[in-house]
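All you need for the working numbering is the position in the sequence shown, starting with 1, plus 4.
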Amino acid sequence: MTTGSIINHDEEDEEIMLPSFQLSVEYVAPWIFLICIILIVAAIICCVGSCAFVFYYQNKPIVAMGQPTFLYNLCFGALLLAIGMAFGVVVIFFSKGENGIIPVDSKTGIILYVCCSFEVWLIYLGYIVIYTVLLCKIYRIMKITQQPLRRGLKILPRHVLWPFILIFSLTVSLLIAWSATGSSKYVVYEDPDTNITIGLCAATPDMASVSPSAEILSALQSLLLIVQLVLCILACKIRKINQVLGDSKKILGLVVFQLIINSICISIAAANGEGTGILVYTINLVINSISTVGFIILPRMYYVWYEHQHGHLPENVVMIGGGTTTVRGVNQDTGNGAGTGVISPPSIVSNNDDNNNSNNNNDNNNDVNICDGGNDNSNNNNIEDDGGVVDIAC
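Okay, here's the thing in structure tokens:
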């Protein structure tokens with residue numbers, strides 16, 4: 005694989021060798037730019053549309069069980085990926101001026117520098133928001149199902165946000181340190197074999213032109229991998245919990261899918277030059293953005309549509325408990341009388357063993373409220389759990 009160098013205007017005579025696939029573009033065809041823009045706009049529409057769906061149908065039990073508070077933030081994280089990619093595309097396609105590649109120390113170069121900073125911030129924060137929100141979602145389910153029911157217990161979203169706050173704060177601190185290194189985030193690359201130059205963003209460790217930036221970006225990527233690993237472990241731990249509530253299989257599938265897509269896209273970009281690299285990079289981030297809402301929210305869209313068309317949920321969808329459920333203070337029938345066509349199980353945990361049943365049902369008269377509002381022991385106001393009561397609205 006041939007290599008090229010980054011022309012560093014901050015430190016004289018310093019060059020960094022990079023794989024040519026990252027920067028082997030001299031001129032990107034307008035149709036590639038058009039495809040990139042269409043893909044980014046499509047991702048933004050999917051994220052905004054998914055957020056609107058959650059807001060409109062948040063009182064439906066099938067959506068409420070997905071915990072709308074976390075679903076909103078999931079859409080927000082996916083949206084950050086798409087917007088961040090838009091800044092990256094702008095830099096690639098507008099880094100070539102009338103007299104060649106725009107230098108780093110020019111006025112336009114400063115604007116591109118700002119765009120590169122936005123790209124890196126938005127993309128890393130987008131990934132962190134997505135994975136930590138899913139982490140908190142699973143953590144909340146674990147707190148509900150892995151402890152004895154206690155009277156008056158409330159498990160609100162804010163009670164399980166400490167992993168999100170901790171990891172998000174650490175990410176912001178690393179990004180601030182990266183921004184303060186003093187090196188340009190917009191760099192000009194020169195291929196010695198072809199004398200091709202191009203401007204781009206130093207968004208990965210091997211593209212950073214100064215050592216501190218490379219280490220910080222490596223730390224950010226390591227943090228992402230750790231969060232993904234923990235997320236997979238926790239998803240496996242709650243795999244026996246009702247999937248409409250826990251989404252463990254969907255979450256595990258999402259993480260594995262995105263890791264595979266990232267590997268495939270990197271391999272394709274490494275084997276191709278010209279406009280293929282930027283196009284594959286855009287496709288990679290767009291797929292990650294759309295797949296985030298696709299794995300978690302799209303199934304609930306289908307369930308709502310199916311119920312609207314047929315009057316009941318699909319036969320394979322198992323709702324929790326019988327009677328009615330309180331969703332943000334609105335009583336809705338989710339039992340057999342609702343015409344769902346589903347015989348609801350007596351327990352919040354699907355196919356759990358006797359030990360879990362004994363742990364979760366020590367007091368048949370206790371109630372657990374994991375959302376805002378008061379508790380109610382009446383079967384007409386909450387979802388039953390073997391005599392215990394679980395209010396699952398978010």
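The C-beta atom is built at its ideal place from N, Cα and C for all residues, glycine as well.
| Check | Outcome |
| --- | --- |
| May I ask you to report which of helix, strand or coil DSSP gives Lys189? | coil |
| Taking all protein chains shown into account, do 16 or more other C-beta atoms lie within 10 angstroms of the C-beta of Pro65, making it buried, or fewer, making it exposed? | buried |
| Under 9 Å between the Cβ atoms of Phe97 and Cys120? | no |
| Out of curiosity, what's the CA-to-CA distance linking Ala47 and Ser293? | 6 Å |
| Short of 6 Å in beta carbon distance, which residues of its chain neighbour Glu311, apart from the five on each side in sequence? Order them along the chain. | Leu317 |
| Whole angstroms is fine: what's the gap from Tyr131's alpha carbon to Leu228's? | 8 Å |
| Does Gly203 come out as helix, strand or coil in the three-state DSSP assignment? | strand |
| Just to check my reading of the structure: Leu85 and Ile127 have Cβ atoms closer than 8 Å, yes? What is that Cβ distance to the nearest angstrom? | 6 Å |
| Just to confirm the assignment, what range does the alpha helix (DSSP H) spanning Pro303 have? | 302–314 |
| Are Ala207 and Val284 closer than 9 Å when you measure CB to CB? | no |
| Between the C-alpha atoms of Thr296 and Phe37, what's the straight-line distance to the nearest angstrom? | 24 Å |
| Can the beta-carbon of Leu75 be found less than 9 Å from the beta-carbon of Ile301? | yes |
| Starting from Met89 and walking both ways along the alpha helix (DSSP H), at which residues does that stretch end? | 72–98 |
| Tell me whether Lys241 sits in a helix, a strand or coil according to DSSP, three-state version. | helix |
| State whether the segment 256–263 contacts the segment 230–248, with contact taken as three or more CB pairs (one from each stretch) at a distance under 8 Å. | yes |
| Under a three-way DSSP split, which group does Lys111 fall into? | helix |
| State buried or exposed for Trp182, treating a residue as buried only when at least 16 other CB atoms are found within 10 Å of its CB. | buried |
| Could you tell me which of Pro72, Gln225, Ala68 sits nearest to Met323, measuring between CA atoms? | Ala68 |
| For a quick check, are the C-beta atoms of Thr73 and Pro167 less than 9 Å apart? | no |
| Distance, Cα to Cα, Phe299 vs Lys111? | 43 Å |
| Using DSSP with H/G/I as helix, E/B as strand and the rest coil, what is Lys158? | strand |
| Within 10 angstroms of the Cβ of Phe57, are there 16 or more other Cβ atoms? Answer buried if so, exposed if not. | buried |
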